[in-house]
Every structure is written in C-alpha cells, then in structure tokens.
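Take a look at the structure below.
There are 2 protein chains.
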Amino acid sequence: MARNLLFGICYRGTRYHGFQMQTNALSVCDVLHQAVTAVTGTRHGIIGCSRTDTGVHAREYFFHMKTESPIPEDAFVRALNAHLPQDIAVLSCREVPGEFHARFCAREKEYVYQIWNAPVRNPFYEDTALHYKYPLDEALLDRAASAFVGTHDFGAFCSAGGSVTDTVRTIFDARVRREGKLVTFTVRGNGFLYNMVRILVGTLLEISEGKILPESIPALYVSGDRGGAGRTAPPQGLFLNRVVYDEAWFCTKQA
Amino acid sequence: MARNLLFGICYRGTRYHGFQMQTNALSVCDVLHQAVTAVTGTRHGIIGCSRTDTGVHAREYFFHMKTESPIPEDAFVRALNAHLPQDIAVLSCREVPGEFHARFCAREKEYVYQIWNAPVRNPFYEDTALHYKYPLDEALLDRAASAFVGTHDFGAFCSAGGSVTDTVRTIFDARVRREGKLVTFTVRGNGFLYNMVRILVGTLLEISEGKILPESIPALYVSGDRGGAGRTAPPQGLFLNRVVYDEAWFCTKQA
C-alpha cells in the first residue's frame, strides 16, 4: 500500500520561480520532481504547503507525496540530498496518514521579512533582505504592526491573481525587531493571501514614510481597498520560516 | 597636491578571483578600478590591505589610492557605490597622510572562518561556510586553537607560492565558538601567511578527526613541516573581518 510521506525542506529561492511548477521557468517543485524521479525511478505527485513567489526563501517548508517506494525515511532524506542542488536541502521525512495534506492541514505559518536598514547596501544580504536606506523606527513599526493581529478581512492586502474568494485570515502575532542594521518583521497566522506578507511590509514602510497613517489600517479591513494599503515589498527579503501541523497527525500510524 | 584616500569596503567574494588583479580572471580590484575610472575619469593605482583568495569574503577591507580628484570623501563613497555591483560596497573614505600604506600600516587583522556543522547542508550558507557533517567538539577545538596564540614561525601553516621569507607571525587571539549548528573560528594577529587561516582551520578539523594531536602543534613551529599541519580548508568559509590601523594615522591631517 502506498505510504504518504511528509518531507521537510529548506531552500534559498533566488534561482527559482517560486515553489509551484510553471511553464518555461524553473521552480523548486521541478527540481524536487527530478530528484524524486532519480531516487525512485518513478514520477510522483508533489504537494507543497504554500505557493511561494519568485525569489522568496523557505527556512522550513513541507510537501507530501504518496509513494509505493519502500525506501526508509532516513535513507530517503540522504538520497534526495545527494540529488538536489546546494540551494535546496531535505531536512526530514516522516510517514503521515493517507488523508494528510501538506497545504490544507497546515494550522499555522510564520513568515519573516528582513530589511537591511543602512545608507549603504550589505553584499551579504543581496538576495536575502530588502535594502532600505532611510531611517526606520522599529518601535513605531512594531506598534503599527499590532493592528494586523486578529481576525480580519485582508482583501486590501492581497494582490489580484489569487484564486481564493474568502479573504478573512487570523493573524496571531506580528512584530518588528531590530538587531543592529537588520530590521525584521515576523508574522504568524492561520493562512496568508497572495502577496499578503509583502503588502503588509510595504504598508509598514509607507507608515514609516508618512504616506499611510497607522490609524487608517482598521478601515482597510472594511473597505477592502487595495489602494489604501502599501506597495508590495520585493520578494528577496521574505522567508517562510515555520509551518505548524497538529501533533495529532504524527501520533496516528497509518495501517 | 594629490590626496591619499583610504577606503573601507566589504565584499562577498564568491564571484571573484580574490582581491588582487589577475590575468584573465575577474578580481575585486578590477571592478574597483572600473568604478574609480567611471567616477573620476582617470585610472588610479589601488593598493589593497591583503591578498584574499578566490571565494574569500571581506566584512572589512581597506585600500588606499592617491588621487588628484577633488571629489569630497562622502560623495566619493556614494558615487563609487552607484558604480559597483551589489556584492561590493564602499563603507567609508578618509584622507590619510601621503606615506600611509593600506597593507604595510595594518597593525592587526582579524579573520573569521564559518563552519555549518550538521548532517544536512544549509542552503543559506552555501557560499559563506564550510559544510562539515561530522560532530565537532567546540570546547576541544577552542583549547587546541590556544596553541596558535603567541609569536611563532608559522612556516608549516603556509602554502607554497607566498613571496615572504620571514614566516614568523604573532597571533593575539584564537578561539572557537558555537551558535547552534554554526561553528566559528576567529583569529586575530599582526599578519597572516599565504593560506594560513585556512590551514589553521584544516588543522583543527584534523585534530577533531584524530589525525593530528593537539600536543604536536608546538613541534611544527620548529620543524616547519607543512605535511605535519592539516589540509587547507576551502575558501568560502573565510572572512577578513577587521583590519586595525594605529589611530595616530587618522589624527594627522595632511598639509
């Protein structure tokens, strides 16, 4: 009987047109497909936990895959790593119940957005942070970010092109911190709309620039006016940082 | 009268064949030459503080340059950054006395070597750390590294091809620390021989592997036997981290 395997990976997204397979553009999923085929001899269906954009990174990402392959979990991790390029790494593999779905079962996701905040760029953050030259007041932005917490209609913070119709999401936590010149926005929620984190970041930047008032955020949940929110921050600063599933999924051993 | 300008830069060395100009290979110095020529309209002599190898990085690096250009220091920084690629950044520019030399006046240099110590690679350290899969005992290596401290003949820790004949150097400090899976070797001294830091790291790794006894280090200062030291660790983990000049250089204003 086919096993349902859940793989944990991380990847540097710079070279890829996101996770999802695309026509005429290399995706993380394409490269995983090649590695899985090389290891098992068979093409498999790979279901990711999230559609990340071009250039977006993942410190933790999961996909599931049904397979007839008898390869043990640990050996699968090693074999895939041997067939993957340096910018993708498989961290874990575990068997999950047949009905487990990497995307639909995700209870919580955490994203981090990195900003190198200094007049001069940092060559070591070229592909992993936004370079923002003007002063950022992290205490001000941290207070502003608290307006994102709660259950809201985030339709104003969503790019056109997403397929969802229900734009209500719950944000559990949103904060801005500084370590030296690196300013980090961390947001944790039950789900995120297309480009939502990047638009939340763009909104914080425009609050810093005096173009958006922090007090105007709640009205955007009502109006759904994309034009009232900030610009879409560039992708290279964004990391999918953590994906949480109910532990119960991992206690049940499949028959 | 020509000013002598000291520039502080940092760079990600991945794309470059070291700092020094080479025939048929792109160096950091080549790219700086192009930017300086673009900004001033004239080709200048650029003297770096150190010859870094291919793939080695610098968090802090200095070069000096004599110029007739009237461009003020701050404007020079901005103009060069506008003409440089993302993996090189100019951090500072200051006028120094005519006899100041970026290499010969350096009193102290600090290098850092990063090791990602985990069974699985980290895509975010692909070009900025050595991936080392086997367990490293940082306390053991820290004790072993203390044998490098002092004034010694480091001839055994030097690759052939260097031009120096005096292989005596003074190491002020050498330590190994761990933060999670990242193990860092930091060494500070009055100067370093060709490949010296990478060979010190290779020696620590071979101590960890039981191939070299920590007690055997002092004898290598006497024998000068390169074969008794460890392998040359790969370049991508190495950073020139800090370069120190006597403050007195910066107090004297040139006439």
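Just so you know, the sequences run in chain order A and B.
The first sequence runs contiguously to residue 523 in my numbering.
The second sequence runs contiguously to residue 523 in my numbering.
Heads up, the beta-carbon is just placed ideally off N, CA and C, and yes, glycines get one too.
Beta-ladder partner(s) of residue i, from DSSP
i	result
residue 479(A)	Answer by DSSP bridge pairing: none, since residue 479(A) is not bridged.
residue 313(A)	DSSP output for residue 313(A) lists no bridge partner at all.
residue 384(B)	399(B) and 450(B)
residue 269(A)	DSSP output for residue 269(A) lists no bridge partner at all.
residue 455(B)	379(B) and 442(B)
residue 333(A)	273(A)
residue 419(A)	438(A)
residue 372(A)	For residue 372(A), which the question treats as bridged, DSSP gives no partner whatsoever.
residue 360(A)	276(A)
residue 468(A)	According to DSSP, which records beta bridges pairwise, residue 468(A) is partnered with nothing at all.
residue 325(A)	507(A)
residue 293(A)	290(A)
residue 512(A)	376(A)
Between the CA atoms of residue j and residue i - distance to the nearest angstrom
i	j	result
residue 481(A)	residue 474(A)	9 Å
residue 510(B)	residue 330(B)	9 Å
residue 478(A)	residue 444(A)	17 Å
residue 501(B)	residue 287(A)	34 Å
residue 456(B)	residue 489(B)	18 Å
residue 407(B)	residue 415(B)	14 Å
residue 321(A)	residue 507(A)	10 Å
residue 342(B)	residue 360(B)	8 Å
residue 496(A)	residue 487(A)	9 Å
residue 447(B)	residue 433(A)	44 Å
residue 522(B)	residue 399(B)	With a pLDDT of 48 at residue 522(B), under the threshold of 50, the modelled position of this residue cannot be trusted, and the question is left open.
residue 300(B)	residue 352(B)	7 Å
residue 365(B)	residue 515(B)	12 Å
residue 371(B)	residue 413(B)	26 Å
residue 437(A)	residue 284(B)	46 Å
residue 323(B)	residue 493(B)	27 Å
residue 373(B)	residue 517(B)	9 Å
residue 435(B)	residue 429(B)	13 Å
residue 294(B)	residue 467(A)	39 Å
residue 327(B)	residue 491(A)	47 Å
residue 404(B)	residue 389(B)	15 Å
residue 350(A)	residue 307(A)	9 Å
residue 499(A)	residue 463(A)	10 Å
residue 291(A)	residue 298(A)	10 Å
residue 422(A)	residue 503(A)	19 Å
residue 519(B)	residue 358(B)	22 Å
residue 311(A)	residue 451(A)	42 Å
residue 485(B)	residue 442(B)	14 Å
residue 315(A)	residue 431(B)	57 Å
residue 338(B)	residue 289(B)	26 Å
Minimum C-alpha distance to residue i - residue among the options
i	options	result
residue 304(B)	344(B), 372(B), 476(B) and 423(B)	344(B)
residue 411(B)	379(B), 371(B), 453(B) and 384(B)	453(B)
residue 417(B)	353(B), 300(B), 280(B) and 465(B)	465(B)
residue 272(B)	437(B), 467(B) and 313(B)	313(B)
residue 524(B)	317(B), 310(B), 308(B) and 309(B)	Here chain B has residues from 269 to 523 only, and residue 524(B) is not among them.
residue 348(A)	309(A), 325(A) and 462(A)	309(A)
residue 401(B)	476(B), 325(B), 419(B) and 294(B)	476(B)
residue 302(B)	498(B), 356(B) and 484(B)	356(B)
residue 274(A)	340(A), 435(A) and 405(A)	340(A)
residue 277(A)	422(A), 442(A) and 346(A)	346(A)
residue 483(A)	358(A), 409(A) and 298(A)	409(A)
residue 319(B)	451(B), 311(B), 459(B) and 422(B)	459(B)
residue 378(A)	338(A), 358(A), 422(A) and 325(A)	325(A)
residue 281(A)	311(A), 292(A) and 354(A)	354(A)
Residue i vs residue j beta-carbon contact at 8 Å
i	j	result
residue 512(B)	residue 381(B)	no
residue 449(A)	residue 384(A)	yes
residue 363(B)	residue 270(B)	no
residue 279(A)	residue 391(B)	yes
residue 394(B)	residue 440(B)	no
residue 260(B)	residue 505(B)	One cannot answer for residue 260(B) here, as it falls past the ends of chain B, which runs 269 to 523.
residue 368(B)	residue 420(B)	no
residue 472(A)	residue 426(A)	no
Closer than 9 Å at the beta carbon, the chain D residues around residue i
i	result
residue 396(B)	Reference to chain D is not applicable here, since the protein chains of this structure are A and B.
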